[in-house]
Amino acid sequence: MTEKVPFLSLVRKRVERQVQDMDTKEYPAIWLQAAGCTGCSVSLLNVINPSIKNLLVDEVFPGSHINLRFHPTVMAGAGEPAIEVMIDTSREKKGGYILIVEGAIPTAKDGIYGVVGEKDGKPMTMQAWVETLARDALAVIALGSCAAFGGIPAAKPNPTECRPVSEILKAKGIKTPYVNIPGCAPHPDWFVGTVASILLTGLPKPEDLDEYRRPKAFYGQTIHENCQRRAYYDEHKFAKKFGDPGCNYELGCRGPITHADCPLRLWNGKVSWCVGCGATCIGCTEPDFFDITPLYEKTSQIALPEEA
Amino acid sequence: MGKIVIDPVTRIEGHLKVEAVVEGGKVKEARSAGMLFRGLELIMRGRDPRDAQRIAQRVCGVCPTSHSIAAALNLDSAFGIADKIPDNGRILRNLILGAAHIADHILHFYHLVALDYVDVARVAKYEGNNTVLNSIKDFISRGELGPFVPRYEGDYRLPDDVNEQAVAHYVTAFEIRRKGQEMVAMFGGKMPHNMGIMPGGVTSTPTVDSMASFLWRLKELQEFVDNVYLPDVIAVAQVYSDYFEIGRGCGNLLAYGSYELDGKESDLTKRKRFFRPGTTSTSLKFGQFDPGQITEQVKHSWYADSISGKHPSQGDVVVDERKEGAYSWLKSPRYGKAVFEVGPLARIMVNYVGGNPAVKSLVDSTLARARLKPEHMFSVMGRNLARALETKLIADAMTDWVLQLKPGQPAYTSYKLPEESSGMGLVGAARGALGHWIEIKEGKIANYQVITPSTWNISPRDDKDQPGPMEQAITSTAIRDEANPFEIVRIVRAFDPCLACSVHLVNPKGHDLGRFRIC
Numbered sequence: 002m003t004e005k006v007p008f009l010s011l012v013r014k015r016v017e018r019q020v021q022d023m024d025t026k027e028y029p030a031i032w033l034q035a036a037g038c039t040g041c042s043v044s045l046l047n048v049i050n051p052s053i054k055n056l057l058v059d060e061v062f063p064g065s066h067i068n069l070r071f072h073p074t075v076m077a078g079a080g081e082p083a084i085e086v087m088i089d090t091s092r093e094k095k096g097g098y099i100l101i102v103e104g105a106i107p108t109a110k111d112g113i114y115g116v117v118g119e120k121d122g123k124p125m126t127m128q129a130w131v132e133t134l135a136r137d138a139l140a141v142i143a144l145g146s147c148a149a150f151g152g153i154p155a156a157k158p159n160p161t162e163c164r165p166v167s168e169i170l171k172a173k174g175i176k177t178p179y180v181n182i183p184g185c186a187p188h189p190d191w192f193v194g195t196v197a198s199i200l201l202t203g204l205p206k207p208e209d210l211d212e213y214r215r216p217k218a219f220y221g222q223t224i225h226e227n228c229q230r231r232a233y234y235d236e237h238k239f240a241k242k243f244g245d246p247g248c249n250y251e252l253g254c255r256g257p258i259t260h261a262d263c264p265l266r267l268w269n270g271k272v273s274w275c276v277g278c279g280a281t282c283i284g285c286t287e288p289d290f291f292d293i294t295p296l297y298e299k300t301s302q303i304a305l306p307e308e309a
Numbered sequence: 020m021g022k023i024v025i026d027p028v029t030r031i032e033g034h035l036k037v038e039a040v041v042e043g044g045k046v047k048e049a050r051s052a053g054m055l056f057r058g059l060e061l062i063m064r065g066r067d068p069r070d071a072q073r074i075a076q077r078v079c080g081v082c083p084t085s086h087s088i089a090a091a092l093n094l095d096s097a098f099g100i101a102d103k104i105p106d107n108g109r110i111l112r113n114l115i116l117g118a119a120h121i122a123d124h125i126l127h128f129y130h131l132v133a134l135d136y137v138d139v140a141r142v143a144k145y146e147g148n149n150t151v152l153n154s155i156k157d158f159i160s161r162g163e164l165g166p167f168v169p170r171y172e173g174d175y176r177l178p179d180d181v182n183e184q185a186v187a188h189y190v191t192a193f194e195i196r197r198k199g200q201e202m203v204a205m206f207g208g209k210m211p212h213n214m215g216i217m218p219g220g221v222t223s224t225p226t227v228d229s230m231a232s233f234l235w236r237l238k239e240l241q242e243f244v245d246n247v248y249l250p251d252v253i254a255v256a257q258v259y260s261d262y263f264e265i266g267r268g269c270g271n272l273l274a275y276g277s278y279e280l281d282g283k284e285s286d287l288t289k290r291k292r293f294f295r296p297g298t299t300s301t302s303l304k305f306g307q308f309d310p311g312q313i314t315e316q317v318k319h320s321w322y323a324d325s326i327s328g329k330h331p332s333q334g335d336v337v338v339d340e341r342k343e344g345a346y347s348w349l350k351s352p353r354y355g356k357a358v359f360e361v362g363p364l365a366r367i368m369v370n371y372v373g374g375n376p377a378v379k380s381l382v383d384s385t386l387a388r389a390r391l392k393p394e395h396m397f398s399v400m401g402r403n404l405a406r407a408l409e410t411k412l413i414a415d416a417m418t419d420w421v422l423q424l425k426p427g428q429p430a431y432t433s434y435k436l437p438e439e440s441s442g443m444g445l446v447g448a449a450r451g452a453l454g455h456w457i458e459i460k461e462g463k464i465a466n467y468q469v470i471t472p473s474t475w476n477i478s479p480r481d482d483k484d485q486p487g488p489m490e491q492a493i494t495s496t497a498i499r500d501e502a503n504p505f506e507i508v509r510i511v512r513a514f515d516p517c518l519a520c521s522v523h524l525v526n527p528k529g530h531d532l533g534r535f536r537i538c
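Residue numbers (this note's numbering), protein chains in the order written: chain U, 2 to 309; chain E, 20 to 538.
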């Protein structure tokens with residue numbers, strides 16, 4: 002019979018050995034903010050497990066650390082030294098860094114509506130940054146509806162000719178793989194889950210993404226399919242004003258045409274979600290959601306429920 | 020003579036560039052400019068007025084709750100229901116705003132401001148058992164120091180123990196502010212961009228269990244504010260006490276008032292609010308607030324001079340990109356043609372001189388303990404301190420508000436959409452006085468104007484060439500090291516700028532942006 006060894010000490014030995022054997026693999030990341038509102042960044046701060054502290058300083062998985070080198074809202078540096086971080090990373094870590102874009106890309110008048118710092122003495126437009134940084138990235142994550150689809154700044158009449166990241170890449174023939182994580186704001190789990198899958202199993206395969214390059218793991222079903230008020234819809238019981246029991250379909254709910262797992266995942270520590278607080282879904286994970294208007298009228302794009 | 024250019028200014032919301040001309044070691048002239056615009060006011064034109072509730076909020080993802088309150092008050096007044104919001108709706112709006120406000124101020128101090136004073140890299144020397152600090156020590160030892168390095172060097176003065184504690188609290192504060200956002204989501208559905216606040220009230224109906232759960236979260240926030248946030252602000256202020264003399268600014272303060280205590284008065288300027296509206300200055304005299312005194316001036320902005328000096332309800336946007344002497348996308352809001360600063364400092368000092376007993380006693384006791392005078396509040400540290408003090412006042416007031424809710428009773432009332440109308444929504448947002456104005460014609464939005472707190476504070480020179488509040492605060496500041504201009508970024512961040520909010524949009528007619536000089 003073998004000598005009994007306390008379980009915890011076994012674990013500890015194993016962990017110690019791992020730490021000795023394994024160098025931490027660093028995944029440099031650049032988080033570029035374009036025409037947006039910083040809401041996607043704030044949403045990420047709301048992540049729970051892992052926490053934002055885990056993401057910033059700890060190994061997010063044993064042996065892997067995301068090295069967030071540039072993020073305008075959290076980084077210590079400012080001005081030229083901060084800009085140099087982006088440029089140096091794209092040169093030194095060619096093909097090895099993750100580019101995260103938050104916000105749409107203004108393209109009117111050569112992109113002059115949105116400028117971030119200078120490069121070689123000239124103002125750098127957001128469009129120029131995406132073109133410069135995306136080319137040599139390992140992958141691009143278009144985070145939030147603005148980066149993924151144009152979002153609110155691209156709503157009609159799209160005064161600054163905002164474009165999604167995908168169109169910028171296409172126009173320049175940039176082949177770097179990209180993923181869209183829409184939402185206004187996107188749930189932090191959708192972002193962290195996507196990054197985690199890249200770290201653990203590599204870049205997403207075509208079958209992992211839907212027609213809009215959204216990960217099916219998070220956007221595979223409609224709001225309507227999993228809605229807590231679905232039974233009311235099936236029974237044709239519709240709320241006439243906010244606060245009523247009933248399905249919010251006649252108040253303009255976009256649940257039937259919106260793909261996301263909000264009703265199951267819930268928001269902000271799982272305390273609620275849009276329909277959970279009595280409001281409607283406004284379809285914020287879908288392309289052009291701010292042009293399917295008015296937001297608070299039943300939309301003709303949703304077929305009426307069939308009589309039972 | 021040197022010129023300091025900081026672009027981008029980080030740890031703020033949005034895209035800001037600051038330029039300072041330094042002569043004889045002092046800032047001779049400062050200019051600030053927004054670097055992005057999106058055109059939300061233009062996107063709103065021609066839409067259903069209710070859509071403004073959702074679009075206006077997207078002005079800013081850091082302070083969306085303030086915009087959702089301003090939009091709701093604006094639409095309430097345009098729809099003729101400002102005096103018909105059920106008490107539950109009024110109180111839930113206060114609670115949602117309060118929770119966001121507390122979370123926002125904690126985020127500001129620990130995550131936007133602290134890295135100007137706290138030295139994360141020094142945790143490498145830490146010898147102790149704190150697991151958080153040891154994990155940061157491990158992080159530093161791995162050698163990849165982003166996002167904490169690069170940074171300005173040469174003026175981190177906190178003693179080791181205070182510094183270590185502040186780094187540990189930087190981490191705790193992430194958790195606490197997250198809980199504040201959870202409180203918003205409890206009644207607002209989600210955060211950022213709550214869905215619950217609507218013209219007519221709030222979509223959610225309070226229940227006993229949601230009230231209890233909200234209260235316990237509030238208690239945790241209150242404890243953090245009392246035992247960690249406020250003491251940390253004071254500890255940092257004591258070590259950097261010279262910053263009570265730096266960044267004085269324009270000396271005039273304006274507050275709109277916030278947190279509705281009366282649902283039956285439709286006039287926002289007469290309504291009883293937890294923070295009262297008003298003005299004051301370094302003379303510490305109280306002045307009544309009159310929204311008719313607000314104008315927007317454009318002499319140094321890229322807009323046609325013909326629209327200068329208008330009240331926001333008559334506001335227009337006609338671009339003039341070739342205008343000589345213009346250097347910013349921001350207009351210059353002025354009150355009675357004078358330069359006014361808005362924000363927590365304004366809110367606290369207006370209520371201090373305006374006879375709010377809770378504000379008076381908290382400010383007096385804090386100043387006495389720190390051996391400071393009220394005039395020291397007009398400074399970098401004064402702004403950071405005012406923010407912490409008002410966080411405590413709001414957190415302390417919210418418990419009673421929760422208990423005033425009537426579980427199971429509606430928080431929302433219906434209304435009929437008007438064909439022609441106009442409205443105004445004024446609120447004390449986390450960053451200061453926030454105003455929304457709407458004009459409705461043929462049932463659609465004909466005009467929607469927003470003046471944000473940062474438009475006041477970061478505004479460029481006006482028609483009389485008076486620099487904006489932040490420009491004045493930077494001017495005459497002594498710069499110790501032009502390569503590491505700590506003084507400038509500390510002044511800027513004390514205003515908590517929010518640039519996504521502040522930029523107006525161009526008229527679709529006749530603009531040629533290719534010729535715009537961006538700064």
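Cβ atoms here follow ideal geometry from the backbone N, Cα and C, with glycine treated the same way.
What residues of chain E sit near glutamate 119(U), judged by a beta carbon separation below 9 Å?
For the purposes of this step, residue 119(U) is taken as the residue at position 118 of the first sequence. The answer, in chain order, is Val24, Asp26.
Quick check: is the beta carbon of threonine 39(U) nearer than 8 Å to any beta carbon in chain E?
Reading the first sequence from its first residue, position 38 is the one you call residue 39(U). Residue-level contact by beta carbon holds for threonine 39(U) and chain E, with a gap shorter than 8 Å.
Taking 6 Å as the limit between beta carbons, can you name the residues of its chain near leucine 92(E), skipping five residues before and five after?
Within the second sequence, numbered from 1, the residue matching residue 92(E) stands at position 73. Contacts found: Gly444.
Is leucine 518(E) near the ligand PLP - that is, is its Cβ less than 7 Å away from at least one heavy atom of it?
Judged by which ligands are present, the structure shown has none, so any question about the ligand PLP falls away.
According to the Cβ coordinates, are isoleucine 84(U) and glycine 118(U) closer than 8 Å?
The residue given as residue 84(U) occupies position 83 in the first sequence. The residue given as residue 118(U) occupies position 117 in the first sequence. Yes, these two residues count as a Cβ contact at 8 Å.
Is the beta carbon of valine 252(E) less than 8 Å from the beta carbon of asparagine 375(E)?
Against the second sequence, residue 252(E) aligns to sequence position 233. Against the second sequence, residue 375(E) aligns to sequence position 356. No, these two residues do not count as a Cβ contact at 8 Å.
Would you say proline 295(U) reaches chain E, if we count a Cβ-Cβ gap shorter than 8 Å as a contact?
As a first step, residue 295(U) must be located in the first sequence, where it is residue number 294. Closer than 8 Å: yes.
Taking proline 165(U) and alanine 105(U) to be in contact with their CB atoms under 8 Å, please state how far apart those CB atoms are, rounded to whole angstroms.
Within the first sequence, residue 165(U) is the residue found at index 164, counting from 1. Within the first sequence, residue 105(U) is the residue found at index 104, counting from 1. 6 Å between Cβ atoms; contact.
How far does the beta strand (DSSP E) with proline 393(E) in it reach, from first residue to last?
Sequence index remark: in the second sequence, residue 393(E) carries index 374 (1-based). Here proline 393(E) belongs to no beta strand (DSSP E), and DSSP marks it neither H nor E.
CA-CA distance, leucine 312(U) and serine 198(U)?
Lying outside 2 to 309, the shown extent of chain U, residue 312(U) is not represented and no answer is given.
Counting along the chain, where does the alpha helix (DSSP H) carrying serine 85(E) start and finish?
On the second sequence, position 66 is the one that residue 85(E) refers to. Residues 83 to 97.
Below 6 Å CB to CB, which residues in the same chain sit around glycine 40(U) once its five sequence neighbours on both sides are set aside?
By 1-based counting over the first sequence, the position of residue 40(U) is 39. These residues qualify, in order along the chain: Ala186.
Count the other C-beta atoms from every protein chain shown that fall within 10 angstroms of the C-beta of alanine 172(U), then say buried if there are 16 or more, exposed otherwise.
Residue 172(U) sits at position 171 when you count from the first residue of the first sequence. So alanine 172(U) ends up on the exposed side.
Just the Cα atoms here: how many angstroms apart are glutamine 312(E) and lysine 271(U)?
If you number the second sequence from 1, residue 312(E) lands on position 293. If you number the first sequence from 1, residue 271(U) lands on position 270. If I take the Cα positions, the gap works out to 45 Å.
Just to confirm, is the Cβ distance from serine 146(U) to threonine 294(U) under 8 Å?
The residue labelled residue 146(U) in the question sits at position 145 within the first sequence. The residue labelled residue 294(U) in the question sits at position 293 within the first sequence. Contact check for serine 146(U) against threonine 294(U) fails: the beta carbons are separated by 8 Å or more.
Per DSSP, what are the beta-bridge partners of alanine 452(E) in this structure?
For this step, residue 452(E) is matched to residue 433 along the second sequence. BP columns for alanine 452(E) point to Gly447(E).
Given that cysteine 312(U) touches chain E, what residues does it touch there, using C-beta distances under 9 Å?
Shown here, chain U extends from 2 to 309; a query on residue 312(U) therefore has no answer.
Tell me, please, whether the CB atom of valine 193(U) is closer than 8 Å to any CB atom in chain E?
Here residue 193(U) refers to the residue found at position 192 when the first sequence is read from its first residue. No, its Cβ sits nowhere closer than 8 Å to a Cβ of chain E.
So for methionine 489(E), helix, strand or coil by DSSP?
Working through the second sequence from its first residue, we reach residue 489(E) at position 470. Three-state DSSP puts methionine 489(E) in a helix.
Taking Cβ to Cβ, would you say cysteine 38(U) is nearer than 8 Å to cysteine 269(E)?
The count along the first sequence starts at 1 and reaches residue 38(U) at position 37. The count along the second sequence starts at 1 and reaches residue 269(E) at position 250. Taking 8 Å as the Cβ cut-off, cysteine 38(U) and cysteine 269(E) do not qualify as a contacting pair.
Can you check which of these residues, Ala502(E), Lys22(E), Thr29(E), His34(E), is closest to leucine 349(E) by C-alpha distance?
Within the second sequence, numbered from 1, the residue matching residue 349(E) stands at position 330. Ranking the options by Cα distance to leucine 349(E), first place goes to His34(E).
Kindly give me the distance between the Cβ atoms of arginine 255(U) and cysteine 282(U), rounded to whole angstroms, as I take these residues to be in contact under 8 Å.
The count along the first sequence starts at 1 and reaches residue 255(U) at position 254. The count along the first sequence starts at 1 and reaches residue 282(U) at position 281. With 8 Å as the limit, arginine 255(U) and cysteine 282(U) qualify as a contact, their Cβ atoms being about 5 Å apart.
Taking the C-alpha atoms as reference points, what is the distance between glutamine 257(E) and arginine 176(E)?
In the second sequence, residue 257(E) corresponds to position 238, counting from 1. In the second sequence, residue 176(E) corresponds to position 157, counting from 1. Counting only the Cα atoms, arginine 176(E) lies some 11 Å from glutamine 257(E).
With a Cβ-Cβ cutoff of 8 Å, do proline 107(U) and glycine 97(U) count as a contact?
Locating residue 107(U) in the first sequence gives position 106, counting from the first residue. Locating residue 97(U) in the first sequence gives position 96, counting from the first residue. Against a cut-off of 8 Å, the Cβ pair of glycine 97(U) and proline 107(U) comes out as no contact.
How big is the Cα-Cα spacing for glycine 11(E) and glutamate 48(E)?
The structure shown does not extend to residue 11(E), since chain E is modelled only from 20 through 538, so no value can be given for it.
Which whole-angstrom value is the C-beta distance of serine 351(E) and proline 479(E), which I expect to be below 8 Å?
As a position in the second sequence, residue 351(E) is number 332, starting the count at 1. As a position in the second sequence, residue 479(E) is number 460, starting the count at 1. Confirmed, Cβ separation roughly 6 Å.
So what's glycine 80(U) in DSSP terms, helix, strand or just coil?
For this step, residue 80(U) is matched to residue 79 along the first sequence. In the structure shown, glycine 80(U) sits in a helix (DSSP, three-state: H, G or I).
Drop a sphere of 10 angstroms on the beta-carbon of valine 132(E), count the other beta-carbons inside from all chains shown, and report buried for 16 or more, exposed for fewer.
Your numbering for residue 132(E) matches position 113 in the second sequence. So valine 132(E) counts as buried.
Going straight from the alpha carbon of proline 246(U) to that of methionine 217(E), what length do you get?
Locating residue 246(U) in the first sequence gives position 245, where the first residue counts as 1. Locating residue 217(E) in the second sequence gives position 198, where the first residue counts as 1. Roughly 17 Å between the two C-alpha positions.
Anything in the stretch 310 to 324 of chain E with a Cβ closer than 8 Å to a Cβ of chain U? List those residues in chain order, please.
none
CB threonine 25(U) to CB arginine 161(E), shorter than 8 Å?
As a working note, residue 25(U) is residue 24 in the first sequence. As a working note, residue 161(E) is residue 142 in the second sequence. Cβ atoms of threonine 25(U) and arginine 161(E): closer than 8 Å.
Could you list the residues in the stretch 413 to 443 of chain E with a C-beta less than 7 Å from some C-beta on chain U, going in chain order?
Pro429, Ala430, Tyr431, Ser433
Check each residue of the stretch 240 to 264 of chain E: if its Cβ is closer than 7 Å to any Cβ of chain U, include it; give the result in chain order.
none
Tell me where the beta strand (DSSP E) around valine 180(U) begins and ends.
Counting from 1 along the first sequence, the entry for residue 180(U) is found at position 179. Judged by DSSP secondary structure, valine 180(U) falls within the beta strand (DSSP E) whose first and last residues are 179 to 182.
Whole angstroms are fine: how far does the CA of alanine 261(U) sit from the CA of threonine 298(E)?
The residue labelled residue 298(E) in the question sits at position 279 within the second sequence. The residue labelled residue 261(U) in the question sits at position 260 within the first sequence. Approximately 47 Å between the Cα atoms of the pair.
Measure the C-alpha to C-alpha separation of tyrosine 136(E) and tryptophan 268(U) and round it to an integer number of angstroms.
For this step, residue 136(E) is matched to residue 117 along the second sequence. For this step, residue 268(U) is matched to residue 267 along the first sequence. Looking at the two C-alpha atoms, the distance is approximately 34 Å.
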